[in-house]
Amino acid sequence: MTLPWTDQVVGIVLEYLAVFALSPLLLALGRIVKARSQGRRGPPLLQVYRDLWKLLGKQAIYSDTASGLTRYAPTVSFVALLAGVPLIPWLFLPTPLGYVGDL
(Lines of atoms letter the chains of each structure in order from A and count residues from 1; the text may use other names and numbers.)
(Lines give C-alpha, C1' and ligand atoms only; values in the text may rest on other atoms or scores of the structure.)
Protein backbone atom coordinates (compact mmCIF):
# COMPACT_ATOMS: atom_id res chain seq x y z
CA MET A 1 0.00 0.00 0.00
CA THR A 2 1.48 3.31 -1.04
CA LEU A 3 0.87 6.62 0.63
CA PRO A 4 -0.48 9.64 -1.27
CA TRP A 5 2.26 11.89 -2.63
CA THR A 6 1.45 14.68 -0.15
CA ASP A 7 1.97 12.30 2.76
CA GLN A 8 5.23 11.14 1.22
CA VAL A 9 6.49 14.73 0.87
CA VAL A 10 5.55 15.52 4.47
CA GLY A 11 7.26 12.32 5.59
CA ILE A 12 10.44 13.19 3.72
CA VAL A 13 10.53 16.72 5.17
CA LEU A 14 9.95 15.38 8.68
CA GLU A 15 12.68 12.80 8.16
CA TYR A 16 15.22 15.45 7.13
CA LEU A 17 14.26 17.64 10.09
CA ALA A 18 14.56 14.72 12.50
CA VAL A 19 17.97 13.72 11.14
CA PHE A 20 19.33 17.25 11.48
CA ALA A 21 17.81 17.75 14.93
CA LEU A 22 18.70 14.37 16.46
CA SER A 23 22.15 13.61 15.03
CA PRO A 24 23.95 16.13 17.31
CA LEU A 25 22.02 14.65 20.23
CA LEU A 26 23.45 11.20 19.49
CA LEU A 27 26.94 12.70 19.41
CA ALA A 28 26.31 14.37 22.78
CA LEU A 29 25.07 11.12 24.30
CA GLY A 30 28.18 9.35 23.04
CA ARG A 31 30.40 11.98 24.65
CA ILE A 32 28.53 11.73 27.95
CA VAL A 33 28.73 7.93 28.02
CA LYS A 34 32.44 8.07 27.20
CA ALA A 35 33.09 10.59 29.98
CA ARG A 36 31.05 8.65 32.53
CA SER A 37 32.88 5.44 31.69
CA GLN A 38 36.12 7.27 32.49
CA GLY A 39 34.75 8.54 35.81
CA ARG A 40 34.21 12.11 34.62
CA ARG A 41 31.02 14.16 34.52
CA GLY A 42 31.07 14.99 30.84
CA PRO A 43 29.70 17.93 28.85
CA PRO A 44 26.13 19.21 29.18
CA LEU A 45 23.62 17.56 26.87
CA LEU A 46 23.06 20.69 24.77
CA GLN A 47 26.76 21.59 24.46
CA VAL A 48 26.94 20.05 20.98
CA TYR A 49 24.13 22.32 19.77
CA ARG A 50 25.92 25.38 21.19
CA ASP A 51 29.15 24.35 19.48
CA LEU A 52 27.33 23.77 16.20
CA TRP A 53 25.63 27.19 16.39
CA LYS A 54 28.98 28.84 17.07
CA LEU A 55 30.63 26.95 14.21
CA LEU A 56 27.92 27.95 11.73
CA GLY A 57 28.52 31.61 12.58
CA LYS A 58 32.20 31.49 11.65
CA GLN A 59 33.54 32.61 8.31
CA ALA A 60 35.51 30.20 6.13
CA ILE A 61 39.18 31.11 5.74
CA TYR A 62 41.17 29.58 2.89
CA SER A 63 44.81 29.80 1.96
CA ASP A 64 45.75 31.57 -1.26
CA THR A 65 47.16 28.31 -2.56
CA ALA A 66 44.09 26.21 -1.66
CA SER A 67 42.69 24.23 -4.54
CA GLY A 68 39.06 23.97 -5.55
CA LEU A 69 38.92 20.53 -3.99
CA THR A 70 39.72 22.03 -0.60
CA ARG A 71 37.01 24.65 -0.98
CA TYR A 72 34.22 22.35 -2.16
CA ALA A 73 34.94 19.18 -0.14
CA PRO A 74 32.64 20.15 2.78
CA THR A 75 29.80 20.90 0.36
CA VAL A 76 30.25 17.62 -1.49
CA SER A 77 30.25 15.63 1.75
CA PHE A 78 27.11 17.44 2.96
CA VAL A 79 25.32 16.69 -0.33
CA ALA A 80 26.32 13.03 0.02
CA LEU A 81 24.76 13.01 3.48
CA LEU A 82 21.57 14.54 2.07
CA ALA A 83 21.45 11.90 -0.65
CA GLY A 84 21.64 9.09 1.89
CA VAL A 85 18.90 10.32 4.23
CA PRO A 86 15.95 9.00 2.15
CA LEU A 87 17.41 5.50 2.36
CA ILE A 88 17.01 5.40 6.16
CA PRO A 89 13.76 3.80 7.34
CA TRP A 90 12.01 6.12 9.79
CA LEU A 91 9.59 4.82 12.42
CA PHE A 92 6.71 3.03 10.72
CA LEU A 93 6.85 4.90 7.42
CA PRO A 94 8.25 3.17 4.35
CA THR A 95 11.50 4.53 2.97
CA PRO A 96 10.81 7.29 0.44
CA LEU A 97 12.94 5.62 -2.22
CA GLY A 98 11.61 2.14 -1.58
CA TYR A 99 14.32 -0.50 -1.70
CA VAL A 100 16.64 1.40 -4.03
CA GLY A 101 19.52 1.17 -1.55
CA ASP A 102 19.03 -2.53 -0.87
CA LEU A 103 21.54 -5.06 -2.13
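Those letters in the sequence shown? Residues 1 to 103, per UniProt numbering, in order.
Glycine residues also receive a C-beta, built at the ideal position from the N, C-alpha and C atoms.
Only a predicted model underlies this, so the values are computations on that prediction, with no experimental measurement involved.
For residue j and residue i, believed in contact at Cβ under 8 Å, the rounded distance
i, j, result
"Leu45", "Ile32", "7 Å"
Limits of the unbroken alpha helix (DSSP H) element including residue i
i, result
"Gln38", "Taken as a continuous stretch (DSSP letters only), Gln38 belongs to no alpha helix (DSSP H), as it is neither H nor E."
Span separating the alpha-carbon of residue i from that of residue j
i, j, result
"Thr95", "Phe78", "20 Å"
"Arg36", "Pro43", "10 Å"
"Leu22", "Tyr72", "26 Å"
"Leu87", "Pro4", "19 Å"
"Ile61", "Leu55", "13 Å"
"Val19", "Trp90", "10 Å"
"Val85", "Val13", "11 Å"
Query - Minimum length 4: unbroken alpha helix (DSSP H) runs contained in the region 25-92 - result: Listed in chain order, the complete alpha helix (DSSP H) runs (minimum 4 residues) inside the region 25-92 are 47-56, 68-84.
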